[in-house]
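Enquirer: Residue 607 is where the sequence shown starts when you use the numbering used here, and the numbers rise one by one after that. Glycine included, C-beta positions come from ideal geometry on N, C-alpha and C.
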Amino acid sequence: MATQTMGDKQSSTLDIHYQDKQVTLPLVRGSEDEVGVDIQKLRQATGLITLDPGYGNTGSCKSSITYIDGDQGILRYRGYDIAELAERSNFLEISWLLVFGELPTKKQLDEFSHEVTRHTLLHEDFKRFFDALPKDAHPMPVCAATVGALATYYQEPDSEKQIHSSIVRLLAKMPTIAACSYKHSIGQPFMYPRNSLGYSANFVHMMFATPCEEYHVDPLVERAIDLLLILHADHEQNCSTSTVRLVGSSQANLFACISAGISALWGPLHGGANQKVIEMLEQIAREEGNADRFIAKAKDKNDTTRLMGFGHRVYKNYDPRAMVLKRMCGEVIQKMGGSNKLLDIAMRLEEVALNDEYFISRKLYPNVDFYSGIIYKALGIPTNMFTVLFAMGRMPGWIAHWLEMRRDPDFRIGRPRQIYTGSTRRAYLPIEKR
Ligand code: ACO
607 MATQTMGDKQ SSTLDIHYQD KQVTLPLVRG SEDEVGVDIQ KLRQATGLIT LDPGYGNTGS
667 CKSSITYIDG DQGILRYRGY DIAELAERSN FLEISWLLVF GELPTKKQLD EFSHEVTRHT
727 LLHEDFKRFF DALPKDAHPM PVCAATVGAL ATYYQEPDSE KQIHSSIVRL LAKMPTIAAC
787 SYKHSIGQPF MYPRNSLGYS ANFVHMMFAT PCEEYHVDPL VERAIDLLLI LHADHEQNCS
847 TSTVRLVGSS QANLFACISA GISALWGPLH GGANQKVIEM LEQIAREEGN ADRFIAKAKD
907 KNDTTRLMGF GHRVYKNYDP RAMVLKRMCG EVIQKMGGSN KLLDIAMRLE EVALNDEYFI
967 SRKLYPNVDF YSGIIYKALG IPTNMFTVLF AMGRMPGWIA HWLEMRRDPD FRIGRPRQIY
1027 TGSTRRAYLP IEKR
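1) Which runs of the alpha helix (DSSP H) at least 4 residues long sit entirely within the region 736-771? Give them in chain order.
2) Determine the burial state of THR619: buried for a count of at least 16 other Cβ atoms within 10 Å of its Cβ, exposed for fewer.
3) The alpha helix (DSSP H) with GLN714 in it runs from where to where?
4) Using DSSP's beta-bridge definition, name the partner residues of TYR683.
5) Taking only the alpha-carbon atoms, compute the straight-line gap between GLY613 and GLY642 and give it to the nearest angstrom.
6) By the three-class DSSP mapping on this structure, what secondary structure does GLY854 have?
7) When you compare each of TYR1034, PRO972, VAL629 and LYS713 to LEU931 by their alpha carbons, which one comes out closest?
8) Can you list, in chain order, the residues of its chain with a C-beta nearer than 8 Å to that of LEU776? Leave out the 5 residues immediately preceding and following it.
9) Just to confirm before moving on: does the CB-CB distance between LEU727 and ARG927 stay below 8 Å?
10) State yes or no: is the C-beta of GLY854 nearer than 7 Å to some heavy atom of the ligand ACO?
11) Between the region 888-901 and the region 797-809, are three or more C-beta pairs nearer than 8 Å?
12) For THR609, which three-state DSSP category applies?
13) For ARG694 and ILE836, what's the separation of their Cα atoms in angstroms?
14) Using a Cβ-Cβ cutoff of less than 6 Å, which residues in the same chain neighbour SER855 once the five nearest sequence positions on both sides are dropped?
15) For the ligand ACO, any of its heavy atoms closer than 7 Å to the Cβ of PHE916?
16) Would the beta-carbon of MET914 fall within 8 Å of that of MET886?
17) Pull the bridge partners of ARG635 from the DSSP assignment, please.
18) What is the rounded straight-line gap between the Cα of VAL629 and the Cα of ALA904?
19) Using the DSSP secondary-structure output, state which residues sit across from PRO972 in a beta bridge.
20) Assuming MET746 contacts VAL994 (C-beta within less than 8 Å), just tell me the rounded distance between them.
21) Looking at ALA997: is its Cβ nearer than 8 Å to the Cβ of LEU871?
22) Tell me whether the beta-carbon of GLY636 lies closer than 8 Å to the beta-carbon of VAL920.
23) Using three-state DSSP, classify ILE951 as helix, strand or coil.
24) Where do the N-terminal and C-terminal ends of the alpha helix (DSSP H) with GLN889 fall, by residue?
25) Just to confirm, does VAL930 get its C-beta within under 7 Å of one of the non-hydrogen atoms of the ligand ACO?
26) Under 8 Å: do the region 658-669 and the region 1012-1032 share three or more Cβ pairs, one atom per stretch?
27) So within the region 949-1033, which uninterrupted alpha helix (DSSP H) runs reach at least 4 residues, ignoring any that extend past its ends?
28) Rounded to the nearest angstrom, how far is the Cβ of VAL853 from that of PHE976, given a contact under 8 Å?
29) Could you tell me the boundaries of the alpha helix (DSSP H) in which LYS905 lies?
30) Are the CB atoms of VAL938 and ILE981 within a distance shorter than 8 Å?
31) Just curious, the alpha helix (DSSP H) that LEU698 is in, first and last residue?
32) How about HIS876 and SER846: do their beta carbons lie closer than 8 Å?
33) Output the distance between the C-alpha atoms of MET607 and ILE1025, rounded to the nearest integer angstrom.
34) At a cut-off of 7 Å, would you count GLY943 as near the ligand NAP, judging by its Cβ distance to the nearest heavy atom?
35) Buried or exposed for ARG851, please, with buried defined as at least 16 other CB atoms from any protein chain shown within 10 angstroms of its CB.
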């Protein structure tokens, strides 16, 4: 048995005694005073490993990119509060901030915007690539495959210059890939990017314009998309970002790592939840808006139903991103004429849940996905594209973490251990004796 002496807040070590062995482990303090125990010597000294399914207690790295205090509902990129960034910044500036660590000067931002704007085109051969995929394919695996395929076009070795080009290409081409995945699914011609448009307006244009007529991007739509991208830009060691880091820890190519991140994001317990939220709200609307019945199902342990867009591994308080989006919902619906009914149901669900003992005791609050789907829908974004927009937004975060990992002096290939629970050694039985 291990006996542990947990130090007070000032301690800098933690002693662990196990059988006749003892190890003193250093405590590590973050800049916001959060404390972790560095267990790197644990196994060597005691033979023990740690077991933490879902990694709820495990810090995989030190990081200076994003700070979250889940109890207080705080989210900061490089020290800046998300609400302030959402109000005052734009997605390309946030991308620079996350990837390079500081807010850009005007000159830096102008040059960066210029670079990103001029790398939005896909190689023409990608038309045949898209053609090879079924029309009814979900756009997430289409995007994952296309981003992975970029590695076949840009094969130069990973020099600093090459890494910079890959970063620019990923940020620039992701909206093009996203829009192509949509156009492919509805059988419309791909729209080429327009260098006269800003990042988010260009995406909206590629999504909704056709070669047959002029299409003007509504400034409200452009701003709403930009805001959604900002709010999704990073969220420290979540499932997809950890995937990017883990794949990257083998020193795999950046495009391959991002492709893996997109795949991880697709799942309904992660980025795929925004699609599931709108499906849930529509189902409730079909059942005459009975939010209470749905809540009862979500609470029932014999029912697998979950209140989608609710709960978070880290936030045990209102997700600050959901707060910004809730405010934006009303504005977008009012101007775009979206469904008030879905917003009403969402607000009713939230009200019931936030006053219900089940949700209160488990600290389950709306997360970023709860209101984002309603906005996407009001903007005319098809439901199966919601998670693709999440992927577009998360791109700078994934890149920033990939870069930070590669430059970390403590860098090692990611390789967790396990507690083996299978059969102990046994002899092979010939097939006729089984
Ligand atoms: N509805 C009903 N009950 C829930 C919900 C929910 N949405 N979320 C958690 N719970 C319950 C669990 O059943 C569990 O109850 P128990 O203690 O009685 O067994 C308790 O709350 C803790 O839940 P866990 O699943 O252990 O929490 P975990 O941190 O592992 O999961 C997750 C977090 C996956 C986000 C979960 O809350 C969930 O499934 N939410 C719905 C899906 C969702 O919205 N995902 C998006 C997350 S945000 C993002 O990735 C961008």
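Expert: Quick look at the numbers:
1) Runs of alpha helix (DSSP H) with 4 or more residues, each lying fully within the region 736-771, are found at 745-759, listed in chain order.
2) So THR619 ends up on the exposed side.
3) First-last of the alpha helix (DSSP H) with GLN714: 712-723.
4) Partner(s): THR672 and TYR686.
5) Since pLDDT at GLY613 reaches only 41, below the 50 mark, its modelled position is unreliable, and no value is offered.
6) GLY854 sits in a helix when the DSSP states are folded into three classes.
7) Closest by alpha carbon: PRO972.
8) Close CB contacts of LEU776 within its chain, under the 8 Å cut and outside five residues either way in sequence, are with VAL753, LEU756, LEU860, PHE861, ILE864, MET1001 and ILE1005 (chain order).
9) In this structure, ARG927 does not lie closer than 8 Å to LEU727 by Cβ.
10) Judged by the Cβ position, GLY854 fails to qualify as a neighbour of the ligand ACO at the 7 Å threshold, every heavy atom of the ligand being at least this far.
11) No, because fewer than three Cβ pairs between the region 888-901 and the region 797-809 fall closer than 8 Å, the two stretches do not touch.
12) Any reading at THR609 must be qualified, since the residue scores a pLDDT of 39, below 50, and its modelled position is unreliable; the value itself is stated next. Three-state DSSP puts THR609 in a strand.
13) Approximately 11 Å, taken between the alpha carbons.
14) Here the set comprises ILE1019 and GLY1020.
15) Yes, the beta carbon of PHE916 sits closer than 7 Å to at least one heavy atom of the ligand ACO.
16) Yes, the pair counts as a contact, with Cβ atoms nearer than the cut-off.
17) VAL641.
18) When the Cα atoms are used, VAL629 and ALA904 turn out to be separated by approximately 45 Å.
19) Note: PRO972 sits in a beta bridge opposite PHE916.
20) Indeed they touch by this definition, with Cβ atoms about 6 Å apart.
21) A distance below 8 Å separates the beta carbons of ALA997 and LEU871.
22) No, they are not a contact pair.
23) In this structure, ILE951 counts as helix in the three-state DSSP scheme.
24) 879-892 is the extent of the alpha helix (DSSP H) around GLN889.
25) No.
26) With a cut-off of 8 Å, the region 1012-1032 and the region 658-669 count as touching, because enough Cβ pairs lie within range.
27) List check, alpha helix (DSSP H) in window: 963-967, 974-984 and 992-1013.
28) With 8 Å as the limit, VAL853 and PHE976 do not qualify as a contact, their Cβ atoms being about 29 Å apart.
29) It spans 897-905 - the alpha helix (DSSP H) in which LYS905 sits, taken as one unbroken run.
30) Yes.
31) Element bounds for LEU698: 697-706.
32) Contact: yes.
33) Its pLDDT being 42, under 50, MET607 is placed unreliably by the model, and the measurement read from it follows with that caveat. Between the alpha carbons of MET607 and ILE1025 lies a distance of about 16 Å.
34) Although the ligand NAP was asked about, the structure shown includes only the ligand ACO as ligands.
35) ARG851 is classed as buried because its beta carbon has at least 16 other beta carbons within 10 Å across all chains shown.
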